[in-house]
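Q: In terms of this note's numbering, the sequence shown is residues 61 to 727. All residues carry an ideal CB built from backbone N, CA and C; glycine is no exception. All values reported here derive from a predicted model rather than from experimental measurement.
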Amino acid sequence: METQLDPMKDDLPLMANTSYMLVKHYVLDLDVDFKGKVIEGSIVLFFETGSQYRKTHSAGIECCQSQFDETCEMRASDPCHIPLINVRTCPFKTEYNDFAISGKEEEATSDEHSNHSNNEQASGISSSKDHCDIENHGNKDFLLVLDCCDLSVLKVEEVDVAAVSGIEKFTRPAKLTGASQELENLKNQIVHELVTLPADCWKEQLYYFTLCSQAPGCGELLFSTGTWSLQIRKSGIQTPADFPHAIRIWYKTKPEGRSVTWTTDQSGREPCVYTMGSPINNRALFPCQEPPIALSTWQASVRTAAGFVVLMSGENSAEPVQLREGILSWYYYVSMPMPASTFTIAVGCWQEVKQQSVKQTAAVETNTEFSLPSSQTDFRWHEEICGHVEYPCRFQNPAARLQAIIPYRVFAPWCLMESCEEHLLQLIPQCLSAAYTSLGTHPFSRLDVLIVPSNFSSLGMASPHIIFLSQSVLPGGSQLCGTRLCHEIAHAWFGLAIGARDWTEEWISEGFATFLEDLFWARAQQLSHDEIKEQQELKALLRWHRLRDEVQNSEEELQVLRPKKESTGELSESGASVVKYGLKAEKIFMQIHYLKGYFLLRSLARTIGEVSYLASLRKFVNKFHGQLVLSQDFLSMLLEDVPKQKESGLTVESIFQNWLDTSGIPK
Numbered sequence: 061m062e063t064q065l066d067p068m069k070d071d072l073p074l075m076a077n078t079s080y081m082l083v084k085h086y087v088l089d090l091d092v093d094f095k096g097k098v099i100e101g102s103i104v105l106f107f108e109t110g111s112q113y114r115k116t117h118s119a120g121i122e123c124c125q126s127q128f129d130e131t132c133e134m135r136a137s138d139p140c141h142i143p144l145i146n147v148r149t150c151p152f153k154t155e156y157n158d159f160a161i162s163g164k165e166e167e168a169t170s171d172e173h174s175n176h177s178n179n180e181q182a183s184g185i186s187s188s189k190d191h192c193d194i195e196n197h198g199n200k201d202f203l204l205v206l207d208c209c210d211l212s213v214l215k216v217e218e219v220d221v222a223a224v225s226g227i228e229k230f231t232r233p234a235k236l237t238g239a240s241q242e243l244e245n246l247k248n249q250i251v252h253e254l255v256t257l258p259a260d261c262w263k264e265q266l267y268y269f270t271l272c273s274q275a276p277g278c279g280e281l282l283f284s285t286g287t288w289s290l291q292i293r294k295s296g297i298q299t300p301a302d303f304p305h306a307i308r309i310w311y312k313t314k315p316e317g318r319s320v321t322w323t324t325d326q327s328g329r330e331p332c333v334y335t336m337g338s339p340i341n342n343r344a345l346f347p348c349q350e351p352p353i354a355l356s357t358w359q360a361s362v363r364t365a366a367g368f369v370v371l372m373s374g375e376n377s378a379e380p381v382q383l384r385e386g387i388l389s390w391y392y393y394v395s396m397p398m399p400a401s402t403f404t405i406a407v408g409c410w411q412e413v414k415q416q417s418v419k420q421t422a423a424v425e426t427n428t429e430f431s432l433p434s435s436q437t438d439f440r441w442h443e444e445i446c447g448h449v450e451y452p453c454r455f456q457n458p459a460a461r462l463q464a465i466i467p468y469r470v471f472a473p474w475c476l477m478e479s480c481e482e483h484l485l486q487l488i489p490q491c492l493s494a495a496y497t498s499l500g501t502h503p504f505s506r507l508d509v510l511i512v513p514s515n516f517s518s519l520g521m522a523s524p525h526i527i528f529l530s531q532s533v534l535p536g537g538s539q540l541c542g543t544r545l546c547h548e549i550a551h552a553w554f555g556l557a558i559g560a561r562d563w564t565e566e567w568i569s570e571g572f573a574t575f576l577e578d579l580f581w582a583r584a585q586q587l588s589h590d591e592i593k594e595q596q597e598l599k600a601l602l603r604w605h606r607l608r609d610e611v612q613n614s615e616e617e618l619q620v621l622r623p624k625k626e627s628t629g630e631l632s633e634s635g636a637s638v639v640k641y642g643l644k645a646e647k648i649f650m651q652i653h654y655l656k657g658y659f660l661l662r663s664l665a666r667t668i669g670e671v672s673y674l675a676s677l678r679k680f681v682n683k684f685h686g687q688l689v690l691s692q693d694f695l696s697m698l699l700e701d702v703p704k705q706k707e708s709g710l711t712v713e714s715i716f717q718n719w720l721d722t723s724g725i726p727k
């Protein structure tokens with residue numbers, strides 16, 4: 061049953077109709093304008109037909125595996141050279157004006173084809189269903205719905221991927237009769253075969269994504285915008301299978317957009333901008349598919365004035381390229397599909413904090429022993445096939461499995477460099493090594509740590525390959541700095557490599573990170589058993605008081621770790637859903653998911669035994685990395701490993717009833 065949203069209420073709508081069209085890759089080409097406080101440019105989205113239409117679509121598209129293999133073989137020895145994106149043409153010029161929309165026409169289109177208006181700020185999931193089900197009746201155009209907020213969309217166009225030189229390698233012989241439908245099928249076939257290239261061809265795939273993103277437009281698409289969504293259609297196209305699978309959107313952010321914050325750094329003189337973990341995620345930074353199920357890769361070229369450093373959640377450590385005097389371009393990419401909400405950017409006059417003495421770092425790096433229990437079950441995992449969609453996985457890489465400390469860098473404004481060197485820099489290898497000893501393979505290949513400006517509202521935020529830390533942790537010395545660093549490092553496994561299928565289950569990320577920060581930090585300090593126990597008991601007592609106070613002073617509905625209960629993880633027919641209480645203001649300042657989740661995990665560890673419990677955690681990581689999970693996935697696997705606990709009445713259902721589906725604190 062579809063949910064009707066009231067925009068004045070507290071639920072965050074995820075509008076994208078992912079069941080019909082599923083984005084697989086984004087190519088962003090952006091300029092950062094500090095004077096106007098906007099980021100502008102284009103984004104190219106590459107789609108696959110969604111699960112609702114895959115069966116009917118698959119008959120017309122065949123995967124040419126032999127051609128994939130041939131292509132990979134042809135370029136396997138070539139370096140991964142990704143040309144700089146440069147499609148900076150005026151977004152208002154086009155050779156195809158059939159579907160161009162003026163301001164008045166766009167407003168009329170919005171009134172005609174959506175329920176959005178100034179008075180009704182969000183049409184809700186019901187309108188999304190109306191849009192997505194229109195094409196089922198065969199008498200209206202298919203409507204692609206993307207999550208979008210606080211953006212000025214200038215133009216949407218189809219990308220002519222068939223015009224790319226050499227792209228014929230990825231197509232089977234097509235019988236072109238000159239008909240436009242045949243050409244459309246060819247373009248969609250090219251995109252399909254490009255997004256389904258094998259994982260060992262990821263460099264080849266990035267190369268052709270770049271070329272395709274630079275291809276000319278071949279017709280503007282009709283679009284309308286609402287408070288929460290961007291809706292796109294092509295006249296006469298009634299099914300997702302026939303809708304263009306590569307589209308380019310020209311847009312710019314708004315200074316008041318809620319996905320990024322514009323401010324000055326701690327020097328008070330230098331401007332900067334960064335994603336600060338907004339409740340609306342990245343939809344005010346670029347049009348995207350927000351639902352977690354829309355796992356995608358991305359690549360981005362970001363241009364800014366010389367003197368600024370662009371840090372992003374990409375897997376490469378970007379080096380700037382000078383395009384012209386005073387302008388630098390930074391290029392990042394990822395090869396592991398992840399939700400669009402994990403995309404992170406920070407642009408400022410950051411300085412890299414260098415290690416003055418490498419003795420300590422070198423000493424830690426020599427310790428690459430994989431310190432896991434020596435039972436056979438703990439080592440069988442690396443011989444198994446991963447359960448996630450195909451990508452270049454570090455868990456299948458022998459060298460990565462032995463890497464206790466991944467490459468790391470620290471960035472900060474110049475006025476905090478000395479403090480970072482004194483308190484932070486030497487802690488990172490210790491914490492990384494402790495995390496590796498506890499959970500095994502690092503899911504990501506590198507780590508940047510950035511001290512963000514003073515308006516950052518949290519102590520830390522983890523994204524793939526980058527951690528934001530508040531300057532507040534620095535005066536706290538190694539204790540506060542180390543525990544917060546361990547918490548954010550833990551998110552590499554729980555929250556990023558393993559994500560919640562339903563965002564209302566925040567405890568899967570925050571509860572695990574809170575529990576693991578104690579384990580990581582104790583190992584980083586190399587404490588004795590008694591010292592570890594004393595430290596963890598003290599922390600548990602302090603957390604207990606915080607949790608008790610929060611329960612006494614908050615609404616009961618916000619104390620439930622699984623607020624959607626048995627409906628958790630369910631989607632509408634179109635793929636749209638809501639994040640329950642996602643916009644509730646006071647929820648931002650609550651720690652119930654951290655603390656109650658922590659005490660649940662602590663209770664399970666004490667019941668099962670720490671050794672068995674940690675072995676189960678490692679098993680869970682090895683089985684579910686690269687995937688989205690629900691609470692029962694972890695709890696079921698944990699209880700399967702300790703069948704005697706079922707006999708004592710500890711079941712998934714009892715944990716739901718006592719911990720996850722109720723308010724307050726279990727007795």
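Going by DSSP in three states, W310 sits in which element: helix, strand or coil?
A: If DSSP states are grouped into helix, strand and coil, W310 belongs with the strands.
Q: Between the alpha carbons of D578 and T543, how many angstroms are there, rounded?
A: Using only the alpha carbons, I get a separation of about 7 Å.
Q: Would you call Q416 buried or exposed, if buried means 16 or more other Cβ atoms sit within 10 Å of its Cβ?
A: That one is exposed.
Q: Please report the straight-line C-alpha distance between Q717 and L621, rounded to a whole angstrom.
A: Computed Cα separation, rounded: 11 Å.
Q: By the three-class DSSP mapping on this structure, what secondary structure does V104 have?
A: In the structure shown, V104 sits in a strand (DSSP, three-state: E or B).
Q: Any idea what DSSP makes of G542, helix, strand or coil?
A: It is helical.
Q: Does DSSP put I527 in a helix, in a strand, or in coil?
A: Strand, per DSSP.
Q: Considering Cα atoms alone, identify which of V449, G96, V255 and K312 is closest to S102.
A: When only C-alpha atoms are compared, the closest one is K312.
Q: Using DSSP with H/G/I as helix, E/B as strand and the rest coil, what is Q456?
A: The answer is helix: DSSP assigns Q456 an H, G or I state.
Q: Residues in its own chain within less than 8 Å of W262 by CB, not counting five upstream and five downstream?
A: Excluding positions up to five away in sequence, the list reads S395, Y451 and P452.
Q: Whole alpha helix (DSSP H) runs in the segment 209-276 with 4 or more residues, listed along the chain?
A: Counting whole runs of 4 or more residues, the segment 209-276 contains the alpha helix (DSSP H) stretches 240-255 and 262-273.
Q: Checking the sheet assignment: what are the DSSP bridge partners for M396?
A: Answer by DSSP bridge pairing: none, since M396 is not bridged.
Q: Between L643 and L510, how many whole angstroms is the CB-CB distance? I'm expecting something under 8 Å.
A: With a Cβ gap of about 27 Å, L643 and L510 do not count as contacting.
Q: Mapping DSSP to helix, strand and coil, what is L690?
A: Three-state result, L690: coil.
Q: Report back the beta-carbon spacing between Q531 and S514 to the nearest angstrom; my notes put them in contact at under 8 Å.
A: Going by Cβ atoms, the distance from Q531 to S514 rounds to 6 Å, so yes, they are a contact pair.
Q: Let me check understanding here. Comparing Cα to Cα, which of T497, M521, S498 and F516 lies closest to L507?
A: Checked all of T497, M521, S498 and F516; the closest Cα to L507 is M521.
Q: Going by DSSP, which residues form a beta bridge with R384?
A: For R384, which the question treats as bridged, DSSP gives the partners I387.
Q: Which residues in the same chain have their Cβ closer than 7 Å to the Cβ of R135, if we skip the five residues on either side of it in sequence?
A: Its pLDDT being 37, under 50, R135 is placed unreliably in this model, and the value from its coordinates should be taken loosely. Around R135: E264.
Q: Anyone know if the C-beta pair for A459 and P503 falls short of 9 Å?
A: No, the pair does not count as a contact, with Cβ atoms beyond the cut-off.
Q: From I592 to I488, what does the alpha carbon distance come to, in whole angstroms?
A: Whole-angstrom Cα-Cα distance: 20 Å.
Q: Count the other C-beta atoms from every protein chain shown that fall within 10 angstroms of the C-beta of Q490, then say buried if there are 16 or more, exposed otherwise.
A: With 16 or more Cβ atoms within 10 Å of its Cβ, Q490 is classed as buried.
Q: So is K215 buried or exposed if we call it buried at 16+ other beta carbons inside 10 Å?
A: Buried is the call here.
Q: Please tell me whether P304 and E218 are closer than 9 Å, where the distance is taken between their beta carbons.
A: In this structure, E218 lies closer than 9 Å to P304 by Cβ.
Q: Does the beta-carbon of S187 have 16 or more other beta-carbons within 10 angstroms, so that it is buried, or is it exposed?
A: Only weak support is given to the placement of S187: the predicted model assigns it a pLDDT of 35, under 50, and the value that follows is read from those uncertain coordinates. Under this definition S187 is a buried residue.
Q: At what residues does the alpha helix (DSSP H) containing I292 begin and finish?
A: I292 -> not in any alpha helix (DSSP H); beta strand (DSSP E) instead, spanning S289 to R293.
Q: R308 to C541, Cα distance in whole Å?
A: Answer to the nearest angstrom: the Cα atoms are 43 Å apart.
Q: Name the residue from G657, S627 and E617 whose alpha carbon lies nearest to the alpha carbon of T722.
A: Cα-wise, what sits closest to T722 is E617.
Q: Look at the alpha carbon of R384 and the alpha carbon of Q274, and state the distance between them as a whole number of angstroms.
A: Distance between the alpha carbons of R384 and Q274 is about 20 Å.
Q: When DSSP labels each residue in this structure, what does D578 get in the three-state scheme?
A: It is helical.
Q: To which residues does DSSP link W322 through a beta bridge?
A: Looking at the DSSP assignment, W322 forms a beta bridge with V333.
Q: Considering only the alpha carbon of each residue, which of T628, Q619 and A665 lies closest to E646?
A: Nearest of T628, Q619 and A665 to E646, Cα basis: Q619.
Q: With which residues is R469 paired in a DSSP beta bridge?
A: Its beta-bridge partners are D508.
Q: CA-CA distance, I20 and K683?
A: The shown model of the chain, from 61 to 727, leaves out residue 20, and the question about it has no answer.
Q: What's the call for L601, buried or exposed, on a 16-neighbour Cβ count within 10 Å?
A: Its Cβ having fewer than 16 others within 10 Å, L601 is exposed.
Q: Taking its Cβ as the centre, do 16 or more other Cβ atoms sit within 10 Å of L598, making it buried, or is it exposed?
A: L598 is exposed by the Cβ-count criterion.
Q: Can you look up E548 in the DSSP assignment and give me helix, strand or coil?
A: Looking at E548 - three-state DSSP - the assignment turns out to be helix.
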